[in-house]
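Undergrad: Chains as they are written, first to last, in the working numbering: chain A, 1130 to 1276; chain B, 1130 to 1276; chain C, 22 to 103; chain D, 22 to 103.
A virtual CB, placed ideally from N, CA and C, is assigned to each residue, including glycine.
Just passing along the structure, written as structure tokens.
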Amino acid sequence: MAVRVQEEDFDLGVEAAALRGSGDAGALVTFSGIVRGGEGDVAAMMLEHYPGMTEAALEEIEAEACARWDLSASLIIHRVGRLMPGENIMMVAAASRHRKAAFEAAEFLMDYLKTRAPFWKKEETPEGARWVDAREADDDAAARWAK
Amino acid sequence: MAVRVQEEDFDLGVEAAALRGSGDAGALVTFSGIVRGGEGDVAAMMLEHYPGMTEAALEEIEAEACARWDLSASLIIHRVGRLMPGENIMMVAAASRHRKAAFEAAEFLMDYLKTRAPFWKKEETPEGARWVDAREADDDAAARWAK
Amino acid sequence: MKVMYFAWLREKTAISSEEVDGAGLATVSDLVEALRAKGARHAAAFEDVSAVKVAVDQKVVGFDASLEGATEVAFFPPMTGG
Amino acid sequence: MKVMYFAWLREKTAISSEEVDGAGLATVSDLVEALRAKGARHAAAFEDVSAVKVAVDQKVVGFDASLEGATEVAFFPPMTGG
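Structure representation (structure tokens):
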């Protein structure tokens, strides 16, 4: 169970290996978010956050996932600062005895992170910089976990 | 798009990095299956398969995933032979522009692999060896993708 | 109390954070009215609060939330991490 | 045709694969009857076919599937990979 907010990159393989070592998991699901380049003409992505509240929000999201599913390990890493196309933005991981729990917990972590963790993205393009709009689909995705 | 059946281990980090390089993905989901040890008293796991049919079945499953979701990359690796607790059994990965497609495709790959790819697991325990029973939950999980 | 701005609210106000006297401000809405009165930049930032979220002491709340005992109020657009 | 056995069907028959004369065998069920008649081991393997799956030329089919043109028939329990 860990939460990290950092400027530095991370290595999915190293993080996954550490999670496997920390419990008797049969199933490990990871999600990586990556800065897209290409047709979108995004030259770089600036990630701003609310120090203090961000960490608290991520810990709360992770604790909620651990309360809902029997996880042997979980992890949320989110980068901040200026990121280039192809770079890691963030990752979540969930390990469990069974694949259904690992998949559901990883999706839950993502849906809640998207809508409840105070991060904001600004894209730099040839036409100037623009704040990324929140997507209604993200609210809908988070709403499906309401009990 | 690749399918591998092999005795050798694989490295999740290396495989994930290769998938990211092969398209403009914003989202990458991986699933790893690992031999559980611990309370189950499983000393080792023997994995048998049907050479020829296995590869064809995995390719069909992957092609079906690529037909249903817009994936920039996908991968299925499954090991065969004798595996010890803590070792990798298999992995699937799906990369897409959006996280919903990546999550759904990875779950689909797993559900279909479980029920349609000719692999059989035998557990070695202190009380002797036993073939793992198919789980009804796996059939149910696969059935939800029927259209 | 400390008032903080993030993302385009920080850009519009041209301020990351400022101290505001909370006397007489019962709710977040009262604070928003007081901030609007500070000048053109603040007024522009709070022109359409339907696009603005607020956290009081690092918890997201509604604009009708009480400011009693509040030490830190933050304004920001909907989150777009992940 | 080539008949193959996997997992506990391979263990019960003590055979990985064998050649079987397909003459007069219209369907998989006909083949199963012929195999049962081969001896005690085969009879034991096919005692309860509700737990047995079959692939004809590497495609999973039902026991009523035709064997016309078939070159490879495989019997195995439900799959347990992943």
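Counting C-beta neighbours from all protein chains within 10 Å, is the total for R1208 (chain B) 16 or more, i.e. buried, or is it exposed?
TA: The residue labelled residue 1208 (chain B) in the question sits at position 79 within the second sequence. Label assigned to R1208 (chain B): buried.
Undergrad: Does any CB atom of chain A fall closer than 8 Å to the CB of A76 (chain C)?
TA: As a working mapping, residue 76 (chain C) is identified with position 55 in the third sequence. For A76 (chain C), the answer is yes, since a Cβ of chain A falls inside 8 Å of its Cβ.
Undergrad: By how many angstroms is the C-alpha of D1268 (chain A) removed from the C-alpha of L52 (chain D)?
TA: Position 31 of the fourth sequence holds residue 52 (chain D). Position 139 of the first sequence holds residue 1268 (chain A). When rounded, the distance between both Cα atoms is 57 Å.
Undergrad: Which residue's Cα is closest to the Cα of E1253 (chain A): A:E1137, A:R1211, A:V1132?
TA: Along the first sequence, read from residue 1 onward, the residue named residue 1253 (chain A) stands at position 124. Nearest option by C-alpha distance: A:R1211.
Undergrad: For R1273 (chain A), which option in A:H1227, A:A1173, A:A1234 has the closest C-alpha, if you only look at C-alpha atoms?
TA: Taking the first residue of the first sequence as position 1, residue 1273 (chain A) is located at position 144. It is A:A1234.
Undergrad: If you measure beta-carbon to beta-carbon, which residues of the segment 1222-1251 of chain B are closer than 8 Å to chain D?
TA: Listed by position, the residues of the segment 1222-1251 of chain B near chain D (Cβ gap below 8 Å) are M1239, L1242, K1243, T1244, R1245, A1246, P1247, F1248, W1249, K1250, K1251.
Undergrad: Count Cβ pairs between the segment 1185-1193 of chain B and the segment 1231-1251 of chain B that sit closer than 8 Å; are there 3 or more?
TA: Contact between the segment 1185-1193 of chain B and the segment 1231-1251 of chain B is present, because at least three Cβ pairs lie under 8 Å.
Undergrad: Can you name the residues of chain A whose CB is closer than 8 Å to the CB of I1163 (chain B)?
TA: Looking up residue 1163 (chain B) in the second sequence gives position 34. What I1163 (chain B) touches in chain A: R1149, A1154, G1155, A1156, L1157.
Undergrad: With distance defined between alpha-carbon atoms, name the residue in B:E1191, B:G1257, B:P1180, B:V1158 nearest to A95 (chain D).
TA: As a working mapping, residue 95 (chain D) is identified with position 74 in the fourth sequence. Closest option to A95 (chain D), Cα to Cα, is B:P1180.
Undergrad: Name the chain A residues whose beta carbon is nearer than 9 Å to that of V1171 (chain B)?
TA: What you label residue 1171 (chain B) is simply residue 42 of the second sequence in a count that begins at 1. Under the 9 Å cutoff, chain A gives no residues; its nearest Cβ is about 10 Å from V1171 (chain B).
Undergrad: Which residue or residues does DSSP assign as beta-bridge partners of Y1241 (chain B)?
TA: Locating residue 1241 (chain B) in the second sequence gives position 112, counting from the first residue. Answer is none; Y1241 (chain B) lacks a bridge partner.
Undergrad: Could you confirm whether any beta carbon from chain C is found closer than 8 Å to the beta carbon of E1177 (chain A)?
TA: For the purposes of this step, residue 1177 (chain A) is taken as residue 48 along the first sequence, with counting starting at 1. Judged by the 8 Å Cβ criterion, E1177 (chain A) is in contact with chain C.
Undergrad: To be precise: take each residue of the segment 1180-1193 of chain A, compare its Cβ to all Cβ atoms of chain C, and keep it if any distance is under 7 Å. Which residues remain?
TA: If the cut-off is 7 Å between Cβ atoms, the segment 1180-1193 of chain A has G1181, M1182, A1185 near chain C.
Undergrad: What does G1257 (chain B) reach in chain A if we use C-beta pairs closer than 9 Å?
TA: Taking the second sequence and counting its residues from 1, the one referred to as residue 1257 (chain B) is at position 128. Correct list: empty, because the minimum Cβ distance to chain A is about 21 Å.
Undergrad: Would you mind stating whether P1214 (chain B) and V1171 (chain B) have Cβ atoms separated by less than 8 Å?
TA: Here residue 1214 (chain B) refers to the residue found at position 85 of the second sequence. Here residue 1171 (chain B) refers to the residue found at position 42 of the second sequence. Yes. Within cutoff.
Undergrad: Of all Cβ atoms in chain A, is any one closer than 8 Å to the Cβ of T101 (chain C)?
TA: Within the third sequence, numbered from 1, the residue matching residue 101 (chain C) stands at position 80. So, interface residue.
Undergrad: What is the DSSP secondary structure of M25 (chain C), reduced to helix, strand or coil?
TA: On the third sequence, position 4 is the one that residue 25 (chain C) refers to. Of the three classes helix, strand and coil, the one that applies to M25 (chain C) here is strand, per DSSP.
Undergrad: Mind pulling the beta strand (DSSP E) runs of 3 or more residues that sit fully within the segment 1243-1275 of chain A?
TA: Complete beta strand (DSSP E) runs here, min 3: 1248-1254, 1257-1260.
Undergrad: Could you check if G1155 (chain A) is buried or exposed, using at least 16 other CB atoms within 10 Å of its CB as the buried criterion?
TA: The residue labelled residue 1155 (chain A) in the question sits at position 26 within the first sequence. Buried.
Undergrad: In the segment 1261-1276 of chain B, which residues sit with their C-beta less than 9 Å from some C-beta in chain D, listed in chain order?
TA: Residues V1261, D1262, A1263, R1264, D1267, D1268.
Undergrad: Please confirm whether F96 (chain D) has its beta-carbon closer than 8 Å to some beta-carbon of chain B.
TA: To locate residue 96 (chain D), count along the fourth sequence from 1; it is residue 75. No, F96 (chain D) does not count as interfacial toward chain B.
Undergrad: Kindly indicate which residue of C:V82, C:G90, C:E32, C:F27 has the alpha-carbon position closest to the one of G45 (chain C).
TA: To locate residue 45 (chain C), count along the third sequence from 1; it is residue 24. Out of C:V82, C:G90, C:E32, C:F27, C:G90 has the C-alpha closest to the C-alpha of G45 (chain C).
Undergrad: I'd like to know whether the C-beta of M1219 (chain A) is nearer than 8 Å to at least one C-beta of chain C.
TA: The residue labelled residue 1219 (chain A) in the question sits at position 90 within the first sequence. At least one chain C Cβ lies under 8 Å of M1219 (chain A).
Undergrad: Taking DSSP as the reference, what is the three-state secondary structure of V53 (chain C)?
TA: The count along the third sequence starts at 1 and reaches residue 53 (chain C) at position 32. It is helical.
Undergrad: Indicate the three-state DSSP secondary structure (helix, strand or coil) for I36 (chain D) in the structure shown.
TA: Taking the fourth sequence and counting its residues from 1, one reaches residue 36 (chain D) at position 15. Correct three-state label for I36 (chain D): coil.
Undergrad: Using only the heavy atoms of the ligand ZN, determine whether one of them is closer than 7 Å to the beta carbon of V77 (chain D).
TA: Looking at this structure, you won't find the ligand ZN or any other ligand, since it has none at all.
Undergrad: Using DSSP's beta-bridge definition, name the partner residues of L1212 (chain A).
TA: The sequence position of residue 1212 (chain A) within the first sequence is 83, counting from 1. DSSP, once it has assigned bridges, lists A:M1174 as partnering L1212 (chain A).
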